[in-house]
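Mapping the sequence shown onto our numbering, position 263 (from 1) lands on 264, and the numbers just tick up by one. Below you'll find the structure, written out as structure tokens, and then a few comments.
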Amino acid sequence: MRKLAIIFIILVIIGGFIWLNLTPTVKPEYIEIKAELVKADVKNPDVADYKYALDISVDSKKKLPLSVNDKYLHTVYFYIDGFVPRKNARIYFGKKFNAGVYHSETALPVIKELKKTGIDYPVNVSGPDLEGFFYKGDLFPAKVRYHILDRQIVDPSLPGATVQNDNKPDINQCYIAYSHRETKWGRDLSWIKLFPIEDRTERSSNAQLTLDERKIVDLYLTVIKGAFEMGNGPNGFIALRHNTLEGLGEKAKIEVVRGLEELSPNVLDLEEAKLDSSKFEYDKSGDMIRAIDGTILSVELIEYNQTNALIKAGLWYGNLGAVSPEYKATYIDGKWYLELVSLTDS
């Protein structure tokens with residue numbers, strides 16, 4: 002009997018030691034969020050009255066899933082000086098993102114953290130200016146854009162109480178928070194991490210482009226978007242062959258990438274990403290055979306002048322799937338119009 006008691010005490014001590022040393026599955030240092038307040042150059046067809054947007058990139062350094070049913074969950078919340086956010090649902094939110102999320106167990110601790118920074122936000126209130134979302138995909142970094150309405154909440158406890166405000170949000174009153182909720186063996190392992198939001202509203206890359214570069218950027222984006230509508234392929238990511246963007250400097254290429262984010266939240270440089278086994282599959286000979294839930298993109302500018310162009314886009318999904326339309330493009334009143342010349346589809 003005494004021996005059993007000793008064994009029991011030892012097990013209790015070991016169990017207590019393990020319990021005290023439990024750690025969350027996803028630790029704070031695993032998560033990195035980059036958020037930028039920018040001028041809303043890319044239009045949102047669902048939102049009219051806005052001047053600014055919030056670009057968010059969430060990265061899991063260990064590539065761990067951010068939520069697992071019945072084990073742990075997460076929510077990303079952001080607060081933009083009381084302004085009302087609206088997502089661009091058509092472009093950014095698919096099966097992997099859930100928007101408009103508000104969980105009391107994750108939101109209320111975030112509100113308390115916001116109050117510590119000096120933000121006067123009532124605890125126990127869910128207002129339309131505190132937006133939450135979670136991501137259940139496995140492609141990182143995960144990117145999303147919200148447009149910020151030109152309306153500011155007067156009182157978070159009164160969701161309809163807004164005022165028109167044409168001013169820029171005060172960046173010192175803007176935060177993004179990652180809220181992790183997890184319990185193991187009855188021990189709460191939850192944590193919250195606040196991230197600053199960077200002000201990038203003064204960056205105007207459009208003004209840095211020559212008129213001809215702007216025309217070529219618009220041409221590439223018009224052709225690529227037309228090809229994507231025709232191909233209707235996967236858009237978990239776009240791997241772009243940057244060396245096919247002829248006639249463009251680095252700043253103009255960045256504009257193309259920003260435009261492509263309308264088609265996919267993850268736009269990659271193929272040369273940098275091609276060895277990522279989570280995105281590309283290779284055969285035993287080392288040859289790439291398919292993109293995993295993504296598209297490899299290239300363009301070929303065959304002929305070009307100020308008002309006319311002959312151009313081809315290439316969308317490659319794998320050895321058994323590719324689309325390559327060729328267009329004749331005409332520039333009229335500030336816009337490129339396309340005429341399909343030929344189509345290769347496999």
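Just so you know, even glycine gets a beta-carbon here, dropped at the ideal spot from N, CA and C.
Please report the distance separating the alpha-carbon of residue i from that of residue j.
i: Phe141; j: Ile239; result: 13 Å
i: Thr152; j: Gln307; result: The sequence shown places Arg at residue 152, rather than the Thr named in the question. Distance between the alpha carbons of Arg152 and Gln307: 41 Å.
i: Pro1; j: Ser191; result: This structure cannot speak to residue 1, because the chain is shown only from 2 to 347.
i: Asp139; j: Val126; result: 32 Å
i: Leu109; j: Leu269; result: 36 Å
i: Tyr328; j: Leu344; result: 9 Å
i: Trp337; j: Val258; result: 19 Å
i: Gly319; j: Leu241; result: 15 Å
i: Asp156; j: Lys226; result: 41 Å
i: Lys40; j: Lys28; result: 33 Å
i: Tyr1; j: Gly232; result: Since the first and last residues shown for the chain are 2 and 347, residue 1 lies out of range.
i: Val324; j: Lys216; result: 24 Å
i: Leu23; j: Thr184; result: 10 Å
i: Lys4; j: Ser68; result: 43 Å
i: Glu106; j: Asp167; result: 34 Å
i: Leu302; j: Ala330; result: 11 Å
i: Arg91; j: Lys97; result: Reliability of the predicted coordinates at Arg91 is poor, the pLDDT of 37 falling under 50, and the value obtained from them is presented with this limitation in mind. Their backbone Cα atoms lie some 13 Å apart in a straight line.
i: Glu272; j: Lys254; result: 15 Å
i: Asp346; j: Pro326; result: 8 Å
i: Gly335; j: Asn244; result: 26 Å
i: Lys64; j: Ile8; result: 40 Å
i: Glu340; j: Met289; result: 32 Å
i: Thr211; j: Thr296; result: 30 Å
i: Ile15; j: Ala6; result: 14 Å
i: Ile172; j: Leu131; result: 15 Å
i: Ile11; j: Pro129; result: 53 Å
i: Ile193; j: Leu298; result: 38 Å
i: Asn70; j: Leu246; result: 43 Å
i: Tyr49; j: Gly101; result: Checking the sequence, you will find Ala at residue 49 rather than Tyr. For Ala49 and Gly101, the distance between alpha carbons rounds to 19 Å.
i: Ala36; j: Glu203; result: 15 Å
Please work out which residues of its chain come closer than 7 Å, Cβ to Cβ, to residue i, disregarding the five sequence neighbours upstream and downstream, and give them in chain order.
i: Trp20; result: Trp186 and Arg188
i: Gln165; result: Asp151 and Arg152
i: Ile149; result: Tyr51, Tyr53, Ala54, Leu55, Ile81, Phe84, Pro86 and Pro170
i: Arg291; result: Glu282, Tyr318, Gly319 and Asn320
i: Tyr122; result: Ile112, Leu115, Lys116 and Pro157
i: Glu304; result: Ala310 and Leu311
If residue i and residue j are in contact, beta carbons under 8 Å, what's the gap, nearest whole angstrom?
i: Gly315; j: Gly234; result: Between Gly234 and Gly315 the Cβ distance is about 12 Å, and since that is not below 8 Å, they are no contact.
i: Ile312; j: Val218; result: Going by Cβ atoms, the distance from Ile312 to Val218 rounds to 13 Å, so no, they are not a contact pair.
i: Lys144; j: Pro266; result: 4 Å
Note down, in chain order, each residue of its chain lying with its Cβ closer than 8 Å to the Cβ of residue i, except the 5 sequence neighbours on either side.
i: Ile293; result: Gly237, Ser279, Lys280, Phe281 and Glu282
i: Val77; result: Ile34, Ile57, Val59, Gly133, Phe134, Phe135, Tyr136, Ile177, Ala178, Tyr179 and Ser180
i: Ile120; result: Tyr80, Gln174 and Tyr176
i: Asp284; result: Ile290
i: Ser286; result: none
Short check: CB of residue i to CB of residue j, under 9 Å?
i: Arg201; j: Tyr73; result: no
i: Arg146; j: Glu256; result: no
i: Lys62; j: Tyr31; result: yes
i: Leu264; j: Phe229; result: yes
i: Tyr221; j: Val300; result: yes
i: Gly248; j: Asp213; result: yes
i: Glu114; j: Leu195; result: yes
i: Lys116; j: Val124; result: yes
Can you list, in chain order, the residues of its chain whose CB lies under 6 Å from that of residue i, leaving out five sequence neighbours each side?
i: Cys175; result: Ile81, Asp82 and Ile198
i: Ala162; result: Val155 and Asp156
i: Gly250; result: none
Would residue i pass as an interface residue toward chain B - the criterion being a Cβ-Cβ separation below 9 Å?
i: Asp171; result: Absence of chain B from the displayed structure is noted, only one protein chain being present.
* **Complete alpha helix (DSSP H) runs within the region 122–159 (minimum length 4 residues, chain order)** => none
* Asked: In the region 181–233, which residue ranges form an unbroken beta strand (DSSP E) of at least 3 residues, counting only runs that do not cross its ends?
  -> 192–197
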